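Colleague: Input: one structure, supplied below.
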Amino acid sequence: MSSRAHAFRTGTLRREIAALAARMIAEDGISDFGFAKRKAARQLGVSDSESLPNNAEIETELRAWQALYQDDEQAERIHAMRSAAVSLMRELAPFRPYLTGGALDGTAGRYSELEIDAYPESAKEVEIFFLNHNIAYTHREPRRQALHPPEAILCFDWNEVPVRLSMYDPQAERNGRRNTERARLAAVEALLLDHPSTTE
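Numbering (this note's numbering), first residue to last: 4 to 203.
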């Protein structure tokens, strides 16, 4: 096979894998892009790692899929999640919360969690805060193979929206997570004003 034909085949496979991974994320609630693209590649019978799309390619396909099949539903979901984020971030203000993930970048779907990063002096003080405010939560084990894993992850519901609160050491706030968009409360409030609910 010529290098041009190989490049064309690889590009076509990347697009097919990205499209299938995007559909899995949108329909099945898979939140891990890496897992989605590996599963999509297996379903398509592709074992060639160079054919795997990057996250930006999957996000492009996800936006296209949502615009085609979930446009109104997805817009309402994003608005509900951002509204919940504003309310929650006000409550968690002492712990320096940031919105990240699909609610921020506009790709959250019906199964997405609201992703909040916080930088408390200690994760225990957040748990005490939750106990004092009767907020029921569960622990989720951080993925230790991640480059900068959180110290703790708490999962709970806020205004009927599932939330994943990842807590990092205060010194990590200055650095942020590489390649991860994040927004403070004022920026999320501005997003809500820029994109009001279509039912209001």
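Every residue, glycine too, gets a C-beta built ideally from N, C-alpha and C. Values in this document were obtained by computation on a predicted structure and should not be read as measured data.
What are the boundary residues of the beta strand (DSSP E) that includes E1?
Modeller: Within the shown structure, residues of the chain are numbered from 4 to 203, placing residue 1 beyond reach of any answer.
Colleague: In angstroms, rounded to a whole number, what distance separates the CA positions of L196 and Q73?
Modeller: Residue 196 sits at position 193 when you count from the first residue of the sequence shown. Residue 73 sits at position 70 when you count from the first residue of the sequence shown. Distance between the alpha carbons of L196 and Q73 is about 22 Å.
Colleague: If you scan the stretch 19-56 from start to end, which runs of the alpha helix (DSSP H) of 4 or more residues do you find wholly inside it?
Modeller: Runs found: 36-46.
Colleague: How long is the line joining the alpha carbons of A10 and F38, rounded to whole angstroms?
Modeller: Your numbering for residue 10 matches position 7 in the sequence shown. Your numbering for residue 38 matches position 35 in the sequence shown. Residue confidence for A10 is low, a pLDDT of 49 falling below 50, so the modelled location carries little weight; the figure read from the coordinates is stated next. Cα-Cα distance, rounded: 24 Å.
Colleague: Who are the near neighbours of R66 in its chain, counting only those whose CB is closer than 7 Å to its CB and skipping five residues on each side?
Modeller: Residue 66 sits at position 63 when you count from the first residue of the sequence shown. Excluding residues within five positions, the ones whose Cβ falls inside 7 Å are T110.
Colleague: Taking all protein chains shown into account, decide if I119 is buried (16 or more other Cβ within 10 angstroms of its Cβ) or exposed.
Modeller: Along the sequence shown, read from residue 1 onward, the residue named residue 119 stands at position 116. By the 10 Å Cβ count, I119 comes out buried.
Colleague: From L150, E130 and G14, pick the residue whose C-alpha is nearest to that of H142; which is it?
Modeller: On the sequence shown, residue 142 is found 139 positions in, with the first residue counted as 1. Nearest C-alpha to H142: E130.
Colleague: Would you please state the rounded distance, in angstroms, between the beta carbons of M170 and P123? I believe it to be under 8 Å.
Modeller: Sequence index remark: in the sequence shown, residue 170 carries index 167 (1-based). Sequence index remark: in the sequence shown, residue 123 carries index 120 (1-based). So it is a contact: roughly 6 Å between Cβ atoms.
Colleague: On a CA-only basis, which of M27, L157 and T63 is nearest R18? Give me that one, please.
Modeller: Locating residue 18 in the sequence shown gives position 15, counting from the first residue. Considering only alpha carbons, the answer is T63.
Colleague: Short of 6 Å in beta carbon distance, which residues of its chain neighbour A24, apart from the five on each side in sequence? Order them along the chain.
Modeller: By 1-based counting over the sequence shown, the position of residue 24 is 21. Taken in chain order, the residues that qualify are A39, K40, A43 and I61.
Colleague: Starting from the C-beta of R185, find all residues in its chain whose C-beta is less than 8 Å away, skip the five residues before and the five after it, and write them out in chain order.
Modeller: Position 182 of the sequence shown, counted from the start, is the residue given in the question as residue 185. Result list for R185: Y101, L102, T103, L107, D120 and G179, in chain order.
Colleague: Taking the continuous beta strand (DSSP E) assigned at D160, which residues delimit it?
Modeller: Taking the sequence shown and counting its residues from 1, the one referred to as residue 160 is at position 157. Taken as a continuous stretch (DSSP letters only), the beta strand (DSSP E) holding D160 covers A155 to W161.
Colleague: Once DSSP output is grouped into helix, strand and coil, what is the label at T15?
Modeller: Position 12 of the sequence shown, counting from 1, holds the residue named residue 15. Helix at T15.
Colleague: Is it the case that the Cβ atoms of A87 and W161 are separated by a distance below 7 Å?
Modeller: Against the sequence shown, residue 87 aligns to sequence position 84. Against the sequence shown, residue 161 aligns to sequence position 158. Yes, Cβ-Cβ distance for A87 and W161 is below 7 Å.
Colleague: Taking the beta strand (DSSP E) that S169 belongs to, which residues open and close that run?
Modeller: As a working note, residue 169 is residue 166 in the sequence shown. That run of the beta strand (DSSP E) goes V164 to M170.
Colleague: DSSP beta-bridge partners for L117?
Modeller: Start at 1 with the first residue of the sequence shown, and residue 117 comes out as number 114. The partner list for L117 (beta bridge, DSSP) reads V166.
Colleague: Assuming T63 is part of the alpha helix (DSSP H), what are its boundary residues?
Modeller: Taking the sequence shown and counting its residues from 1, one reaches residue 63 at position 60. Counting along the chain, the alpha helix (DSSP H) containing T63 begins and ends at N58 to Y72.
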